[in-house]
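Chemist: If you scroll down you'll find the structure; I have some questions about it.
Numbering (my numbering), first residue to last: 28 to 619.
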C-alpha cells in the first residue's frame, strides 16, 4: 500500500480533499426512523513557529513527551506519524480527490430534515445492520453514515429534560455535530471534503457505533463494534493526512477543526485504553500551545480548550492507576508513553498557585490550560460545560501533578533541606485547600461573580443532580489525595468512600449517558470502587462501576470492573492487608 505521505506529496498541492470507500467501493445502509501572574504561559514567538510544531507532532509520542511551553520543537516532518501502527490502518484505502472548489454549502435543508429526530426516543432510532437494499450508497460516503449520524444526534440530545433546561448547550452538539452534518453534505453534494473534516466525521461515526455496541438494545453488537473500529481507523488515517497537508494553514477555522479532530479521536480512543487516548491529548496540547494561547480567543475556541482541559485532567487522574495488564498486547502497536507527560509539578512551582482568592488575569486564565494555578477567572466555562467548578478541577489537577512527582521530589528532598521544607509546606497547603473547599460556597460565587450567568439562563451547577456529581468528585479527590500523596490506609477512608458512593448513586443513572458528564462520573466511581473494602461498599461500588462500563467509559486498559475485581481479589488473597494507594493491581502478589 502506498504511504499516505507519498501520495499526499505526489499530488503537488497544498490543499486536498478526501473521501471514503469501503472494501467493495460501495456502502450498504438502511433508511431509519503574584509570582504566577507574571509567569510566561505563552511560548516565545521567536522560539517556536508552526512548522516546528508540525515537525514534532507525531500522534503517537514514541519519544519523551515532557512538554515545555518555552521549548522549541525540533525534528523532521517525515517522522510525524511514523509510530502509528500498521494494524490501525483503515480496512480499505481511501480516495484522494483532486483539488477543487465548491460553492458555499446551504445546510438549512439538512438541518431541517435532521430535526425530525428530536421528536423520537433513542430506543426508536437504533439503526439496524445493512440489508440487501442500498438506499443512500455512495462510493465516497462512510458506511452507515446517515444512520449513525441520526443515532448520534439523538444520543447527544437524550440528556434528561431537567438537566437540559439548566445547562448550556453541549460542545458536542454546539460544534461537533454541525461539523459532521456539514461534512456529510459536502460528501453527498461535492463528493469530497478536507481530511480534517473527514477525521471529525469518522470519529463521531465511530463513537456512535461503539455506543450501539455497548447499548445492548439490539442483537448485532459485533457488527457495530467492527464498524466502530473501521470508522476509528479511517478517522486516524485522515488525521494523519490532515497533519501532513492541511495543518499549516494559518486560518483560525483550520486550527479549530484540527483541534476538534484531536479531541474527537481522544474521546473514541477511550475504548482502546488510556494510553492511546493520551496520544491524541498530548498532540492536542502541542497544537494549543503553539497556535491557541492568544488572549481573547473566540468563544467557540475557548470551549474547545475547556473540553481539552477536562479530558486531559480526567485522563491523567486515571492513568497512573491502570494496572496495564494488556500493555504487552499493545506494546508493538504503541510505544510506551512516559507516565509524566506535562502533569508533574516542578520544584520552582512548589507553594505557588495555591491561593484560591487571587483574581486571575487574562494572560494566566487563557494560558493555564492544565489548571496549575488556583484563583478566580471570570471567563471560565468549566461549570457551564461540564458542571464542575474550575476551583475543583484545579485542585484535582494540582493533586495529580503532585502525586506524579512526589516520589522523585521526596528522594531529592533527603539531600536538600530547603526542598524538603518546601515540599512539606506545599502538601500541607494543598491538603487544607481540599478540605476547606465547599460546593455550596463555590456555586454561590459562580452565580454571583458574573452577570452573564444571569442573562444567559439557569446555570448547570444549580441542578441537584449536578450538585451530587460535584460532591462525589470532591469526595473522590479526598480519597485520591490521601492514597496517592499521603499513602494512608484505605481503612481510614471508608466513610469518605461511603459518602462518595451515596452521591454517585443519586446522579449516575441520570447523567452517565451524556458525554459531558460521563468521564468525570467514571473517574469518581473508579477511585471510590478501588478503595472500597467492606462487602457492602464493594457491592454498591460494583453496581456503579457496572453502569459506567456498560456505557463504555473507562480509561483503563480493561473494563474498570475487571481491574477493580482483580484488585479486590488480590487484596483478599493477602488477608485484606492494605496495599497502598500507589500500588497497581498487577504489582500485587496473589498469595502470601
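From the three backbone atoms N, C-alpha and C, an ideal C-beta is built for every residue, glycine too.
These figures come from a predicted structure and were not determined experimentally.
1. Please report the residue range of the alpha helix (DSSP H) in which residue 444 lies.
2. Taking only the alpha-carbon atoms, compute the straight-line gap between residue 601 and residue 260 and give it to the nearest angstrom.
3. Note the first and the last residue of the continuous alpha helix (DSSP H) segment covering residue 507.
4. Helix, strand or coil for residue 407? Go by DSSP, reduced to three states.
5. If you compare alpha carbons, which of 309, 423, 540, 318 is closest to residue 400?
6. Taking only three categories from DSSP, how would you classify residue 170?
7. Hey, would you say residue 292 sits closer than 8 Å to residue 342, going by beta carbons?
8. From residue 559 to residue 571, what does the alpha carbon distance come to, in whole angstroms?
9. Scan the region 375-442 and note each continuous alpha helix (DSSP H) run of 4 residues or more that stays entirely inside, going in chain order.
10. So, is residue 546 buried or exposed, given that buried needs 16 or more other C-beta atoms within 10 angstroms?
11. Got a sec? Which residues, its chain only, sit under 8 Å from residue 495 by beta carbon, not counting five neighbours each side?
12. How about residue 497 and residue 466: are their beta carbons less than 8 Å apart?
13. Helix, strand or coil: how does DSSP classify residue 699 here?
14. With a threshold of 8 Å on Cβ separation, who are the neighbours of residue 141 within its own chain once the five nearest residues in sequence on each side are excluded?
15. Given a cut-off of 8 Å, decide if residue 408 and residue 329 are closer than it, judged by their beta-carbon atoms.
16. With residue 264 as the anchor, note down where its alpha helix (DSSP H) starts and where it stops.
17. Please name the residue, chosen from 258, 469, 456, 294, that lies closest to residue 170 on a Cα-to-Cα basis.
18. Can you find the residues in the same chain that come closer than 7 Å, C-beta to C-beta, to residue 377, ignoring five residues on each side of it along the sequence?
19. Could you check if residue 198 is buried or exposed, using at least 16 other CB atoms within 10 Å of its CB as the buried criterion?
20. Please report how far the alpha carbon of residue 256 lies from the alpha carbon of residue 262, in whole angstroms.
21. Where does the unbroken alpha helix (DSSP H) through residue 601 begin, and where does it stop?
22. With contact counted as at least three CB pairs below 8 Å, one residue from each stretch, are the region 426-446 and the region 508-525 in contact?
23. For residue 503 versus residue 554, is the C-beta spacing smaller than 8 Å?
24. Straight-line CA distance for residue 218 to residue 380?
25. Can you give me the C-alpha to C-alpha distance between residue 516 and residue 339, rounded to a whole angstrom?
26. Given residue 587, which residues of its chain have a CB within under 8 Å of its CB, disregarding the five upstream and five downstream residues?
27. CB-CB under 7 Å to residue 524, same chain, minus the five flanking residues each way: which ones, in chain order?
28. Less than 8 Å between the CB atoms is what I'm expecting for residue 214 and residue 287, so what's the real figure, rounded?
29. To which residues of the same chain is residue 432 closer than 6 Å at the C-beta, ignoring the five residues directly before and after it?
30. Within its chain, find whatever has a CB closer than 7 Å to the CB of residue 528; leave out the 5 residues flanking it on each side and keep chain order.
31. Quick check: what's the CA-CA separation for residue 457 versus residue 536?
32. Would you kindly work out how many angstroms separate the C-alpha atoms of residue 271 and residue 487, rounded to a whole number?
33. Within 10 Å of its beta-carbon, does residue 233 have 16 or more other beta-carbons around it, so buried, or fewer, so exposed?
34. Going by other Cβ atoms of all chains shown within 10 Å of its Cβ, with 16 needed for buried, is residue 160 buried or exposed?
35. On a CA-only basis, which of 541, 346, 248, 317 is nearest residue 666? Give me that one, please.
Modeler: This is what the structure gives:
1. Run containing residue 444: 444-463, per the alpha helix (DSSP H) assignment.
2. Rounded to the nearest angstrom, the two C-alpha atoms are 43 Å apart.
3. Boundaries of the alpha helix (DSSP H) around residue 507: 491-511.
4. Three-state DSSP puts residue 407 in coil, outside helix and strand.
5. Minimum Cα distance to residue 400 is reached at 423.
6. Coil, per DSSP.
7. With respect to the 8 Å criterion, residue 292 and residue 342 are not classified as neighbours on the basis of their beta carbons.
8. So the two alpha carbons sit approximately 12 Å from each other.
9. Runs of the alpha helix (DSSP H) lying entirely within the region 375-442 and spanning at least 4 residues, in chain order: 389-394, 409-412, 417-440.
10. A residue is called buried once 16 or more other Cβ atoms fall within 10 Å of its Cβ, and residue 546 is buried on that count.
11. Contacts found: 530, 531, 533, 534.
12. Yes; because the gap between Cβ atoms is below 8 Å, this pair is in contact.
13. No information on residue 699 is available, as it lies outside the stretch 28 to 619 that the chain covers here.
14. With a pLDDT of only 35 at residue 141, under 50, the local geometry of the prediction cannot be trusted, and the value read off the model is given with reservation. Once the five neighbours on either side are set aside, the close Cβ partners of residue 141 are 176, 177, 180, 208.
15. The Cβ atoms of residue 329 and residue 408 sit closer than 8 Å to each other.
16. Looking at the DSSP string, the run of the alpha helix (DSSP H) that includes residue 264 is 248-272.
17. Distances from the CA of residue 170 to each of 258, 469, 456, 294 were compared; the closest alpha carbon is that of 258.
18. Answer for residue 377: 449, 450, 453, listed in chain order.
19. Buried, since its Cβ has 16 or more Cβ neighbours within 10 Å.
20. The straight-line gap from Cα to Cα measures roughly 10 Å.
21. Run containing residue 601: none; DSSP gives neither H nor E here.
22. By the criterion of at least three beta-carbon pairs nearer than 8 Å, the region 426-446 is in contact with the region 508-525.
23. Result yes, Cβ atoms of residue 503 and residue 554 sit closer than 8 Å.
24. Going by the C-alpha atoms only, they are around 51 Å apart.
25. Roughly 28 Å between the two C-alpha positions.
26. Its chain contains 549, 552, 553, 556, 572, 575, 576, 581 as the residues whose beta carbon lies nearer than 8 Å to that of residue 587, once the 5 sequence neighbours on both sides are disregarded; these appear in chain order.
27. Once the five neighbours on either side are set aside, the close Cβ partners of residue 524 are 506, 555, 558, 559, 564.
28. The distance from the Cβ of residue 214 to that of residue 287 is about 17 Å, inconsistent with a contact at the 8 Å cut-off.
29. Excluding residues within five positions, the ones whose Cβ falls inside 6 Å are 371, 372.
30. Cβ within range, chain order: 555, 564, 567, 568, 571.
31. Their Cα atoms are separated by approximately 32 Å.
32. Cα-Cα distance, rounded: 40 Å.
33. The residue is buried, with at least 16 neighbouring Cβ atoms inside 10 Å.
34. Here the model assigns residue 160 a pLDDT of 32, short of 50, so the residue's position is not dependable, and the following value carries that caveat. Exposed, because fewer than 16 other Cβ atoms sit within 10 Å of the Cβ of residue 160.
35. The question about residue 666 has no answer here: the residues shown for the chain are numbered 28 through 619.
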